[in-house]
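Trainee: The opening residue of the sequence shown carries number 8 in my numbering; numbering runs sequentially from there.
We treat Cβ as the ideally placed atom computed from N, Cα and C, and that holds for glycine.
Given the structure is predicted, the values throughout are model-derived calculations rather than measurements.
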Amino acid sequence: MAYSMTGYGRGESLGQGISCIVEMRSVNHRYRDVFVRVPRELLEFEEKLRRLVAEHFDRGRIDISVILEEAGESLTAVKTNRSLVDSYMSITRQLADDLGLSWDLGITGLISLPGVMELAHREVDSEEMWRLVERSALQAMMGLKEMRAKEGAFLTQDIVDRTQLIEELIERIKERAPQVLEDYRTRLEARLAELLGDTPVDESRIVMETAVYADRGDITEELVRLSSHSVQIYEVVKQDEPIGRRLEFLVQEMQREVNTIGSKAQDSEISHRVIDIKSELEKIREQIQNIE
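#1: When you compare only the Cα positions, how much space is there between Asn266 and Arg252?
#2: Given that a residue counts as buried once 16 or more other Cβ atoms are within 10 Å of its Cβ, and exposed if not, what is Asp274?
#3: Asp104 by DSSP, collapsed to three states: which one?
#4: Closest to Glu30 by CA distance: which of His36, Val41, Gln23 is it?
#5: For Met96, which of helix, strand or coil comes out of DSSP?
#6: Report yes if the CB atom of Leu139 is closer than 9 Å to the CB atom of Ile291, and no otherwise.
#7: Alpha carbons only, please: which of Leu108, Glu242, Leu106, Leu112 is nearest the one belonging to Met96?
#8: Do you know how far the Cα of Glu77 is from the Cα of Glu134?
#9: Near Asn297, what residues of its chain come up, given a Cβ to Cβ distance below 7 Å and the 5 sequence neighbours on each side ignored?
#10: Mind reading off the beta-carbon distance from Glu174 to Ser234? Whole number of angstroms is fine, and I expect it under 8 Å.
#11: Mind checking Ser109: buried by the 16 CB within 10 Å criterion, or exposed?
#12: From the DSSP output, read off the bridge partner residues of Tyr38.
#13: Among the residues of its own chain, which have a CB less than 7 Å from the CB of Ala156, if the five just before and after it don't count?
#14: In three-state DSSP terms, what is Tyr10?
#15: So if DSSP puts Tyr241 in a beta bridge, which residue, or which two residues, is it bridged to?
#16: Going by DSSP, which residues form a beta bridge with Asp70?
#17: Could you tell me how far apart the beta carbons of Asp70 and Pro249 are, in whole angstroms, since I believe they sit closer than 8 Å?
#18: Ends of the alpha helix (DSSP H) at Leu50?
#19: Taking Cβ to Cβ, would you say Glu264 is nearer than 9 Å to Glu229?
#20: Taking a contact to mean a Cβ-Cβ separation below 9 Å, would you say Arg142 touches Gly18 in this structure?
#21: For Val243, which residues of its own chain have a beta-carbon under 8 Å away from its beta-carbon, when the five flanking residues on both sides are left out?
#22: For the candidate residues Glu158, Gly159, Met136, Leu91, whose alpha-carbon lies nearest to that of Glu53?
#23: How would you write the range of the alpha helix (DSSP H) that Glu276 sits in, first residue to last?
#24: Alpha carbon to alpha carbon, what distance is there between Arg47 and Arg57?
#25: Within 10 angstroms of the Cβ of Ile166, are there 16 or more other Cβ atoms? Answer buried if so, exposed if not.
#26: Give the DSSP-derived three-state secondary structure of Leu139 in the structure shown.
#27: Relative to the C-alpha of Ala144, which candidate in Leu75, Glu260, Met261 has its C-alpha closest?
#28: Quick one: give me the first and last residue of the alpha helix (DSSP H) that Ser270 is part of.
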């Protein structure tokens, strides 16, 4: 089964009064490239998430976002540093007395002083937090793989349909090739008759010239290899593993063979079929760019 490199997945788990949401988005990329965005509390899990993704995906740029939301007790609380408040009060009162000024530090001024108000993060067990993140990540990956599989099925069918069309074009070239040789022999005989007039035409020369032309324009081997590569495409798309690079290789080989056919076959009908095959190969190549 072929997998697309485009998809989206989302997972959510609850634990310790926390909702952990993991979202994964992937697009095509020549290699595997993983980007992770996590809250400050989860920075220690970045590498674990990358390794987890690497176990399930071989290619594609994958963006992972982890979001923590409160599902019960707040993750943070506002606390007052009372000892620091007492120090501020004592020092400011003493300073006011020493300078002969009235002491008028109100609550607004007090809480604006550095360190008076603090945000305290609730401690959460690291192992339990990782289990929470992992569950959400696995859910997200399942959704992502499912979407990539569905898209991959559409891409595979399109590739198969175009490969079948290429095979039909190959058969038309095979049917046309013998006629090209006959047409050349006919033109050669007509040309020699025109040049020699009443002088008898040397049949051996016609045979020799035709043989040279046939050897120079023989496309049998290229057609055989082209057909072989198309059969391999059918086999590759059935495999349940990353197939993108193998398909790329087969298409490159098919492009090389069809270019050789185009340069050898001096025939307008075959040239048209060659152009049609090139067009289909280019469309297949574009689809392969998004296959894992």
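Mentor: The short version:
#1: The residue given as residue 266 occupies position 259 in the sequence shown. The residue given as residue 252 occupies position 245 in the sequence shown. About 21 Å.
#2: As a working mapping, residue 274 is identified with position 267 in the sequence shown. By the 10 Å Cβ count, Asp274 comes out buried.
#3: As a first step, residue 104 is located in the sequence shown; it is residue number 97 there, counting from the start. Correct three-state label for Asp104: helix.
#4: Against the sequence shown, residue 30 aligns to sequence position 23. For Glu30, the closest alpha carbon among the candidates His36, Val41, Gln23 is that of Val41.
#5: Numbered from 1 along the sequence shown, position 89 holds the residue referred to as residue 96. Here Met96 sits in helix by DSSP.
#6: Numbered from its first residue, the sequence shown carries residue 139 at position 132. Numbered from its first residue, the sequence shown carries residue 291 at position 284. Going by C-beta atoms, Leu139 is not nearer than 9 Å to Ile291.
#7: As a first step, residue 96 must be located in the sequence shown, where it is residue number 89. Comparing Cα positions, the closest option is Leu112.
#8: Counting from 1 along the sequence shown, the entry for residue 134 is found at position 127. Counting from 1 along the sequence shown, the entry for residue 77 is found at position 70. Put simply, the backbone Cα of Glu134 is about 18 Å away from that of Glu77.
#9: As a position in the sequence shown, residue 297 is number 290, starting the count at 1. The beta carbon of Asn297 sits closer than 7 Å to those of Ser11, Met12, Thr13, Asn35, Leu162, all from its chain and outside the five residues before and after it, given in chain order.
#10: Taking the first residue of the sequence shown as position 1, residue 174 is located at position 167. Taking the first residue of the sequence shown as position 1, residue 234 is located at position 227. Correct: roughly 7 Å between the Cβ atoms.
#11: Your numbering for residue 109 matches position 102 in the sequence shown. Per the 10 Å Cβ criterion, exposed.
#12: Residue numbering aside, residue 38 sits at position 31 when the sequence shown is read from its first letter. Note: Tyr38 is not bridge-paired with any residue in the DSSP secondary-structure output.
#13: Position 149 of the sequence shown holds residue 156. Counting only Cβ-Cβ distances below 7 Å, and skipping sequence neighbours, we find Met8, Tyr10.
#14: By 1-based counting over the sequence shown, the position of residue 10 is 3. DSSP places Tyr10 in coil when its eight states are reduced to three.
#15: Stepping through the sequence shown from its first residue, residue 241 is reached at position 234. Answer is none; Tyr241 lacks a bridge partner.
#16: As a first step, residue 70 must be located in the sequence shown, where it is residue number 63. Paired residues: Arg32, Phe42.
#17: The residue you call residue 70 lines up with position 63 of the sequence shown. The residue you call residue 249 lines up with position 242 of the sequence shown. Between Asp70 and Pro249 a beta carbon distance of about 20 Å is seen, past the 8 Å cut, so the two are scored as non-contacting.
#18: The sequence position of residue 50 within the sequence shown is 43, counting from 1. In the DSSP assignment, Leu50 falls outside any alpha helix (DSSP H), carrying neither H nor E.
#19: Position 257 of the sequence shown, counted from the start, is the residue given in the question as residue 264. Position 222 of the sequence shown, counted from the start, is the residue given in the question as residue 229. Result yes, Cβ atoms of Glu264 and Glu229 sit closer than 9 Å.
#20: For this step, residue 142 is matched to residue 135 along the sequence shown. For this step, residue 18 is matched to residue 11 along the sequence shown. The beta carbons of Arg142 and Gly18 sit closer together than 9 Å.
#21: To locate residue 243, count along the sequence shown from 1; it is residue 236. Ile250, Arg253, Leu254, Leu257.
#22: The residue given as residue 53 occupies position 46 in the sequence shown. Between Glu53 and the set Glu158, Gly159, Met136, Leu91, the nearest pair of CA atoms involves Met136.
#23: Translated into the one-based positions of the sequence shown, residue 276 becomes position 269. Start and end: 275-295.
#24: Residue mapping note: residue 57 aligns to position 50 of the sequence shown, counting from 1. Residue mapping note: residue 47 aligns to position 40 of the sequence shown, counting from 1. Whole-angstrom Cα-Cα distance: 17 Å.
#25: For this step, residue 166 is matched to residue 159 along the sequence shown. Here Ile166 is buried, its C-beta having at least 16 other C-beta atoms within 10 Å.
#26: The residue you call residue 139 lines up with position 132 of the sequence shown. Note: Leu139 maps to helix in three-state DSSP.
#27: As a working note, residue 144 is residue 137 in the sequence shown. For the residues Leu75, Glu260, Met261, the minimum Cα distance to Ala144 belongs to Leu75.
#28: As a position in the sequence shown, residue 270 is number 263, starting the count at 1. Per DSSP, Ser270 belongs to the alpha helix (DSSP H) from 251-271.
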